[in-house]
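Below is one structure; the comments refer to it alone.
Number of protein chains: 2
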Amino acid sequence: MSKKKPLILVTNDDGITAPGVRALIAVMAEIGDVLVVAPDKPQSAMGHAITINNTLYLNKISKEGDAITEYSCSGTPVDCVKLAVNEILKKKPDLCVSGVNHGSNSSINVIYSGTMSAAVEAGIEGIPAIGFSLLDYDWNADFDTIKPFIKKITQETLANGLPKDVVLNVNFPKLKKEDIKGIKICRQAKAIWSEKFHKRITPQGKDYYWLAGEFVNLDQGQDTDEWALANDYISVVPVQFDLTAHHSIQQLNTWKWNE
Amino acid sequence: MSKKKPLILVTNDDGITAPGVRALIAVMAEIGDVLVVAPDKPQSAMGHAITINNTLYLNKISKEGDAITEYSCSGTPVDCVKLAVNEILKKKPDLCVSGVNHGSNSSINVIYSGTMSAAVEAGIEGIPAIGFSLLDYDWNADFDTIKPFIKKITQETLANGLPKDVVLNVNFPKLKKEDIKGIKICRQAKAIWSEKFHKRITPQGKDYYWLAGEFVNLDQGQDTDEWALANDYISVVPVQFDLTAHHSIQQLNTWKWNE
Chain A
1 MSKKKPLILV TNDDGITAPG VRALIAVMAE IGDVLVVAPD KPQSAMGHAI
51 TINNTLYLNK ISKEGDAITE YSCSGTPVDC VKLAVNEILK KKPDLCVSGV
101 NHGSNSSINV IYSGTMSAAV EAGIEGIPAI GFSLLDYDWN ADFDTIKPFI
151 KKITQETLAN GLPKDVVLNV NFPKLKKEDI KGIKICRQAK AIWSEKFHKR
201 ITPQGKDYYW LAGEFVNLDQ GQDTDEWALA NDYISVVPVQ FDLTAHHSIQ
251 QLNTWKWNE
Chain B
1 MSKKKPLILV TNDDGITAPG VRALIAVMAE IGDVLVVAPD KPQSAMGHAI
51 TINNTLYLNK ISKEGDAITE YSCSGTPVDC VKLAVNEILK KKPDLCVSGV
101 NHGSNSSINV IYSGTMSAAV EAGIEGIPAI GFSLLDYDWN ADFDTIKPFI
151 KKITQETLAN GLPKDVVLNV NFPKLKKEDI KGIKICRQAK AIWSEKFHKR
201 ITPQGKDYYW LAGEFVNLDQ GQDTDEWALA NDYISVVPVQ FDLTAHHSIQ
251 QLNTWKWNE
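Chains as they are written, first to last, in UniProt numbering: chain A, 1 to 259; chain B, 1 to 259.
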């Protein structure tokens, strides 16, 4: 059986030169036709930011005849997806993958993550999407180990099709291949960042702050992404963008709103 | 019965001088003790962005003896909440309100909205929170009309307490008071922005883009925020930050992940 190769859009939030996205591009080139549109500089923790009060630039990086077409973009990860779909492709790709992020996007990190926001944006636009992250902030982290798992997860997603309005948040533990126990479907653990700002003083005598913080897992469940990662599994959380807390609507309807 | 006045944190994403936040501050001053920490410049569409690769500045705007303490902040709406709670107050306020946004944050806009991200951040930190938005982008929009409704919704929230891990997304139609039919609890409508980038050329001959687009409501339900607003109601959507698509976990567990 011969099938047309899928068209795969690749983006990230660490910038187009990051080893994480280069590893992702290498895997995707084995599976389909690849278009890369990624930020021209790091855009970590940009959440679902879009650029509405500033201009956007696209720069074609690849040359005529290159196997993979690549653009760097001056905007956020979400801008990259919007420009790729609406300006470069003028159609929907078969899949959008984002990452591999240098660092975790498990549990509450999904909310702050530019990597996952790019995947969510693709999902909103009706494109199957996966965000990949490795629990290693090192620029020279070992992405080779996780390549076969990225390939497997991508192929399963292409073969089965994602549930409607759902994208995948995949996190890899920082382990050798033989120590990874497998892939687990999880829910997002309840966790917070306990913030500790570092207050400093400029040479001119003005106070300023650096955001710092400590990750605190508040969730003892064994069905969470934090549990899976701590127990040597790859975590896969299905993520939705209907943020309605449907379970609370009945309770809120008992309030005296219109008296 | 005399009760201690609640401590209310006010922020927004249009910047501390925006008429929307000034209206919100005026209403909150009638209800509790108010601390304002808001961006020093517009931060619309910043989503849940936080500032991790740059310095943050707080500038105290109010003077000693002023009834309301106000700080402008160089960061995003989410940075404002984090700095207010962890550096200025060093404790949790009783409530965080964000807005009033100049323009809609209904349906999918909740994902892109700095106003709502500030409220969600407060919710993550365990603080009851409400985001308010008016369907009027005009800088000189009529915020007086909605003040009694803001007061009512805030008082109901303080009296009842919000469901756990839920914040409210409140949107007001652009109507005269006598034309507003009341307050409706809703779910988030399924909608998208259909993007049309405007391509232009710099004086130096380089292509650039402006993000533009058209809002498309894909949802015919009469229980949505879009329906409520189109039918002259104020919409209140309970918003959660557990993004897990719990309903899809069973289906994903049928895939061949570990073969």
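Yeah, the Cβ is synthetic: ideal placement off N, Cα and C, and Gly gets one too.
The alpha helix (DSSP H) enclosing residue i, as first and last residue numbers
i      : result
B:G103 : Taken as a continuous stretch (DSSP letters only), B:G103 belongs to no alpha helix (DSSP H), as it is neither H nor E.
B:N257 : According to the sequence shown, residue 257 of chain B is Trp rather than Asn. B:W257 -> no alpha helix (DSSP H), and no H or E assigned at all.
B:S117 : G114 to I124
B:Q251 : I249 to L252
A:A245 : Here A:A245 belongs to no alpha helix (DSSP H), and DSSP marks it neither H nor E.
A:L229 : D225 to A230
For residue i, three-class secondary structure by DSSP
i      : result
B:S74  : coil
B:L211 : coil
A:N169 : strand
A:F149 : helix
A:K82  : helix
B:A191 : strand
A:P19  : helix
A:N59  : strand
B:N54  : coil
A:A159 : helix
A:I25  : helix
B:I88  : helix
B:I68  : coil
B:K4   : coil
Candidates the options, of which the one nearest residue i by Cα
i                      : options                           : result
A:L252                 : B:Q220, B:E156 and B:Q250         : B:E156
residue 262 of chain B : B:K151, B:N105 and B:V100         : There is simply no residue 262 of chain B to check, as chain B begins at 1 and stops at 259 in what is shown.
B:W257                 : A:L89, A:G131, A:L175 and A:I153  : A:I153
B:L89                  : B:N160, B:Y137 and B:V10          : B:V10
A:L83                  : B:Q240, B:K199, B:A29 and B:P19   : B:K199
A:L95                  : A:S104, A:L168, A:S106 and A:G47  : A:L168
A:P42                  : A:S194, A:W139, A:T145 and A:K164 : A:W139
A:V97                  : A:A245, A:K181, A:Q240 and A:V81  : A:V81
B:G103                 : B:G126, B:T69, B:V170 and B:K63   : B:V170
B:I146                 : B:K4, B:G131, B:L175 and B:A159   : B:L175
A:E87                  : B:D207, B:V237 and B:Q240         : B:D207
A:G126                 : A:K164, A:S117 and A:S106         : A:K164
Supposed close pair residue i, residue j - CB separation, criterion 8 Å
i      : j      : result
A:C73  : A:D79  : 6 Å
B:S248 : A:V120 : That pair is no contact at about 15 Å.
B:M28  : B:V37  : Going by Cβ atoms, the distance from B:M28 to B:V37 rounds to 13 Å, so no, they are not a contact pair.
B:K181 : B:D232 : 5 Å
B:N239 : B:V110 : A quick correction: the sequence has Val, not Asn, at residue 239 of chain B. Contact flag correct, Cβ pair sits at about 6 Å.
For residue i, the first and last residue of its enclosing beta strand (DSSP E)
i      : result
A:I183 : G182 to I185
B:D33  : D33 to P39
B:W175 : In the sequence under discussion, the amino acid at residue 175 of chain B is Leu, which differs from the Trp named in the question. Careful: B:L175 lies outside any beta strand (DSSP E) and carries neither H nor E.
A:F132 : A129 to L134
A:D199 : The question names Asp, yet the displayed sequence has Lys at residue 199 of chain A. It spans H198 to I201 - the beta strand (DSSP E) in which A:K199 sits, taken as one unbroken run.
A:L9   : L7 to T11
Backbone CA spacing between residue i and residue j [nearest angstrom]
i                      : j      : result
B:D13                  : B:G114 : 5 Å
A:K60                  : A:S235 : 34 Å
B:A129                 : A:K177 : 44 Å
residue 269 of chain A : B:A49  : Outside the displayed range of chain A (1 to 259) lies residue 269 of chain A, so it cannot be described from this structure.
A:L243                 : A:I108 : 14 Å
A:A228                 : B:G123 : 25 Å
B:D225                 : B:D142 : 21 Å
A:F149                 : B:Q250 : 21 Å
A:L162                 : A:P6   : 15 Å
A:I185                 : A:E214 : 26 Å
A:Y112                 : B:S133 : 22 Å
B:M46                  : B:P39  : 11 Å
A:I192                 : A:D219 : 10 Å
A:E195                 : B:V85  : 9 Å
A:M1                   : A:E30  : Per-residue confidence for A:M1 stands at a pLDDT of 45, beneath the threshold of 50, marking its modelled position as unreliable; the derived number appears in the next sentence. Cα to Cα, the separation comes out at about 17 Å.
B:L135                 : A:D136 : 43 Å
residue 266 of chain A : B:R187 : This structure leaves residue 266 of chain A out entirely; chain A is present only between 1 and 259.
A:A230                 : A:D144 : 21 Å
A:T69                  : B:A212 : 25 Å
A:V21                  : B:W210 : 26 Å
A:K92                  : B:A189 : 22 Å
A:G32                  : A:G205 : 55 Å
B:L158                 : B:T202 : 52 Å
A:N105                 : A:M116 : 8 Å
A:G75                  : A:A118 : 12 Å
A:G221                 : A:V237 : 14 Å
Check: residue i C-beta below 7 Å from any heavy atom of the ligand NAD
i      : result
A:C186 : Among the components modelled here there is no ligand, and therefore nothing to report on the ligand NAD.
Chain E within 8 Å of residue i, Cβ atoms only
i      : result
B:G123 : Within the model displayed, chain E is absent; protein chains A and B are what it includes.
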